[in-house]
Amino acid sequence: MQQPGKRPFKVLLIEDDEDYAGLVRSILGRSGGSSFEIETAGDLSAGLDRLAQGGIDVVLLDMTLPDSEGITTIRRTLQQAPHVPVVMLTGLDDETLAIRALQEGAQDYLIKGQHEVALLARAALYAIERQRNRDALLASEARFRRLIEKNVDPIIIIDDQLVVRFVNPAVTRLFGRPKTQMLNTVFGFPVPRQGQTSEIEIVDTKGKVVVAEMRAVRIDWQGEQASLASLRDITEHKRMLAELEQTRQQELQMKDVFLSNVSHELRTPLSVIHQFTTIMLDGLAGDLNSEQQDHLEIVFRNVEQLRKMIDDLLQVARTEIEEVIDVSQPEAGKLSVISECVSIGALVKEILSMLRTIAATKKIALFADIPEDLPPALADPQRIRQVLNNLINNGIKFTPDEGTVSIVVQPVRNPSGFLDIAVSDTGCGILPEDREKIFEYLYQSENTIDDSRKGLGIGLYICREIVTRHGGRIWVDSEAEKGSTFHFTLPVFSLQTYLAPILSPANLRARTVGLITVEVLLGDARNLTKADERTLSEIWGILKYCILPEMDQVLPRMGRFEYGEIFFVVACSNIEGVKALVRRIRGQLARADNLQDGDLSAKVIYDMIDIDSDPQQTGPIELNAAVAARLKEWIDDKLNNRRAFHEQEKNPHRG
Ligand code: ADP
């Protein structure tokens, strides 16, 4: 070790034995690299006097002196000069005492007569070095302490037993407690991990509640591991957030009430339009030519659509109010979804043909790209019409003249089992910060260029509700000024997903499943007219009427396609049950008014599947692989027949 400015180390030897003092002098005098200047004191009081004058680098202290003995010797020395390192010199039999002296603060000890020449110098030098390190550490700790003492943020040091070891004045203000009540007590809150934050609620002595955010880092505190937690009073911030939320809720509620009122008001005139259109369509106001009939049917479909939209508006408005007011009824008033096997391609074409006129006014081109072999979806056709209508309408609305809106439907590859329906436009696009928010209730983007395009901010919210209720997802990809693509997914129709819950033991007690098809053949191979639709719903009503709930159990209605085919699965306890049911349906259909009108005819076909060949078995019934395969074959067969029928209707000359 190099002495600053090459000054020799000043050693104070407190030793009454003159011979020993001489020995020490000679050893240190001969020591190699470092030079020592030795002063001697013959007893403790002389030693302490010398120490009081200062300038001593290390003390070599004999434990047994004429005026002091044992542990008091070291205590008094350290009291006099707490920052001067002390090396004890002891006799062999004093070693236990020497160890105690170390505990009191001595730097080292040497047993007289045992040390070698090099050892003495080294012990002295090490003692000086260690003392300097300790002083430096204490100084830095003191600086650190001053720093956090003055910090305006509350800072607490908590050891790993959760005992408070240090608090700065800001903490005592935050907790409303004096330092003495906090130090060395257990900290009553969990300490967050390094780098993490937590929120704590502090109740001060007067009962005032303060919310603070706590952040912790690991430190070394007086030689032990501890956490340094800094706190931030966020009471005001929280209060403001709560106020903002309350204002937002009030605004929503006001909008809700407004929406409810408006929708109610709209309903009345709309019912009148609905009624008179029906009267005209039914020919009660005189005959219509076929063009008038077609136009009126378009009016009728749109009135229906509008009625549905108003109903939804009322329903979601009610939902939100109920959710705000009464959280115990979150399910009340939700948009209902009744899924069946549907062709998304057909729905897309239907909606596009409806929106062609609107698109044409802006010279917007509408495209659809739908693979021939697209599997059907498991969805509520009415609801999906609504989603498509909303998205395509928005596409047209937010796209400038002569743009394009296109719809691409394809199966999702990963995870499979879903269809992806993408509606793209070449419109204004959506800013990144709005891409999530536009799906929120009553949200409208501030950035929509043209205020006149604004609606209610409810369309996409309803879309999201509907899609999530189908188990799908909806999102938007967009590039500013280039356009947006809204995607949504719907589950692919599969027997497993569709039938499995229905064929569960709780739902299915019968062991024989009857598969019944009711085919309604229409004379004219157009899309369904309103009158056809009414016929089909009448037939559906008949089917429901025919099925006695206590005897048979209707499983799903498998679909109602363009050509009026309805097929459904029914579970009966035996073949006789299925036959009786078919007889009943046939009998009722024969009496159906609409079916008597010329062009229509209905066929009832049935088939049977045994779920379990052992009728004695009472255990649970499962949709096993064999039954599922059989059901699938049957349904595929029906679907193929329908396709063939459809093709033939389209191109009658080929058949
Ligand atoms: P609104 O009735 O206001 O149109 P929506 O829920 O349908 O309500 O849409 C919410 C907002 O999302 C719109 O106000 C608009 O800012 C934005 N938006 C929706 N579709 C598009 C689109 N295709 N292109 C650009 N912005 C869109």
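Note that the sequence shown ends on residue 665 in this note's numbering; no numbers are left out.
A virtual CB, placed ideally from N, CA and C, is assigned to each residue, including glycine.
All values reported here derive from a predicted model rather than from experimental measurement.
- When distances are taken from the beta-carbon of Ser-455 to the heavy atoms of the ligand ADP, the shortest one is below 6 angstroms.
- For Leu-398, the CB contacts under 7 angstroms within the same chain, skipping 5 residues up- and downstream, are Leu-357, Val-358, Ile-361 in chain order.
- The alpha-carbon separation between Phe-46 and Leu-148 amounts to approximately 27 angstroms.
- In this chain, the alpha helix (DSSP H) harbouring Gly-355 covers 354-371.
- Here Thr-499 has Val-422, Phe-428, Leu-429, Asp-430, Gly-482, Arg-483 as same chain residues with Cβ atoms under 7 angstroms from its own Cβ, once five neighbours each way along the sequence are excluded.
- Between the stretch 101-111 and the stretch 168-186 there are fewer than three inter-stretch CB-CB distances shorter than 8 angstroms, so the stretches are not counted as touching.
- Placement of the Cβ of Phe-286 at a distance of 6 angstroms or more from every heavy atom of the ligand ADP is found.
- Contact annotation, Pro-95 with Gln-117: C-beta distance approximately 4 angstroms; criterion of less than 8 angstroms satisfied.
- CA-CA distance, Thr-545 to Ser-504, rounds to 28 angstroms.
- Minimum Cα-Cα distance from Val-418 among the listed residues Ile-476, Phe-377, Gly-437 corresponds to Phe-377.
- Inter-residue distance for Ala-387 and Leu-401 is about 18 angstroms (C-alpha atoms, whole angstroms).
- If you check the C-beta of Leu-470 against the ligand ADP, you find a heavy atom less than 6 angstroms away.
- The DSSP-derived three-state label of Val-418 is strand.
- Looking at the DSSP output, Glu-209 bridges to Glu-223.
- Distances from the CB of Asn-399 to the heavy atoms of the ligand ADP are all 6 angstroms or more.
- Contact check for Gly-439 against Gly-493 passes: the beta carbons are separated by less than 7 angstroms.
- For the stretch 88-146, the full-length alpha helix (DSSP H) segments reaching 4 residues or more read 105-114 along the chain.
- In this structure, Leu-54 lies near Leu-75, with their beta-carbon atoms less than 7 angstroms apart.
- Annotation: Ala-226 to Leu-184 spans about 17 angstroms, alpha carbon to alpha carbon.
- DSSP, reduced to helix, strand and coil, places Gln-235 within a strand of the structure shown.
- Taken through DSSP and simplified to helix, strand or coil, Val-174 comes out as strand.
- Lys-20 carries a strand assignment under DSSP once its states are collapsed to helix, strand and coil.
- Secondary structure note for Leu-38: its alpha helix (DSSP H) is the uninterrupted segment 28-40.
- Collapsing the DSSP output to three states places Gly-65 in coil.
- As the crow flies, the alpha-carbon of Ile-81 is around 16 angstroms from that of Ile-121.
- Assignment of Met-618 by DSSP, reduced to helix, strand and coil, places it in the strand class.
- Not one heavy atom of the ligand ADP falls within 6 angstroms of the beta-carbon of Ser-434.
- In the DSSP annotation of this structure, the continuous segment of the alpha helix (DSSP H) that includes Ile-476 starts and ends at 469-479.
- Assigned with DSSP and collapsed to three states, Gly-597 falls in helix.
- Inclusion of Leu-130 and Gln-90 in the CB contact set at 7 angstroms is not warranted, their separation being larger than that value.
- Here Arg-393 is buried: its Cβ has 16 or more other Cβ atoms, across all protein chains shown, within 10 Å.
- With fewer than 16 other Cβ atoms from the protein chains shown falling within 10 Å of its own Cβ, Lys-613 counts as exposed.
- Closest by C-alpha distance to Gln-396, out of Gln-420, Phe-408, Met-364, is Met-364.
- By the CB criterion at 7 angstroms, Ile-244 and Leu-238 fall outside the cutoff.
- Contact check for Val-219 against Ile-138 fails: the beta carbons are separated by 7 angstroms or more.
- If you draw a straight line from the Cα of Glu-314 to the Cα of Leu-280, it comes to about 9 angstroms.
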